[in-house]
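J.: Mapping of the sequence shown onto the numbering used here: residues 319 to 382, in sequence order.
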Amino acid sequence: MDPALRVRLDLIIGLLACIAVGVVSLLLLVGGFDVLLYLVTVGLLVGLLVQALGVGPFGTQTSR
């Protein structure tokens, strides 16, 4: 992989991680633990559904 592309990807992933931490802390501040627990549960269910359909990173590529 090109080093410049790798640095760019690392910066994008770091920025997304900072945004995610900010959103989680804002949800805890505004809605409390119940809202965060609900969103985590829905996110896990959607992730499992996407992987079961073979779209995710552990989909059809690993079943060969």
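Positions of the beta carbon are idealized from the N, C-alpha and C atoms, including for glycine.
Can you check whether the CB of Leu-345 is closer than 8 Å to the CB of Val-353?
T.: Your numbering for residue 353 matches position 35 in the sequence shown. Your numbering for residue 345 matches position 27 in the sequence shown. Their beta carbons are under 8 Å apart, which means Val-353 touches Leu-345 by this criterion.
J.: Return the CA-CA distance between Leu-366 and Leu-357, expressed in angstroms with no decimal places.
T.: Looking up residue 366 in the sequence shown gives position 48. Looking up residue 357 in the sequence shown gives position 39. Taking the straight line joining both Cα atoms gives about 14 Å.
J.: Quick check: the Cα distance between Pro-321 and Asp-328, rounded to an integer number of angstroms?
T.: For the purposes of this step, residue 321 is taken as residue 3 along the sequence shown, with counting starting at 1. For the purposes of this step, residue 328 is taken as residue 10 along the sequence shown, with counting starting at 1. Near 10 Å, if we compare the C-alpha coordinates of Asp-328 and Pro-321.
J.: Helix, strand or coil for Gly-372, going by three-state DSSP, please let me know.
T.: Indexing the sequence shown from 1 puts residue 372 at position 54. Looking at Gly-372 - three-state DSSP - the assignment turns out to be coil, as it is neither helix nor strand.
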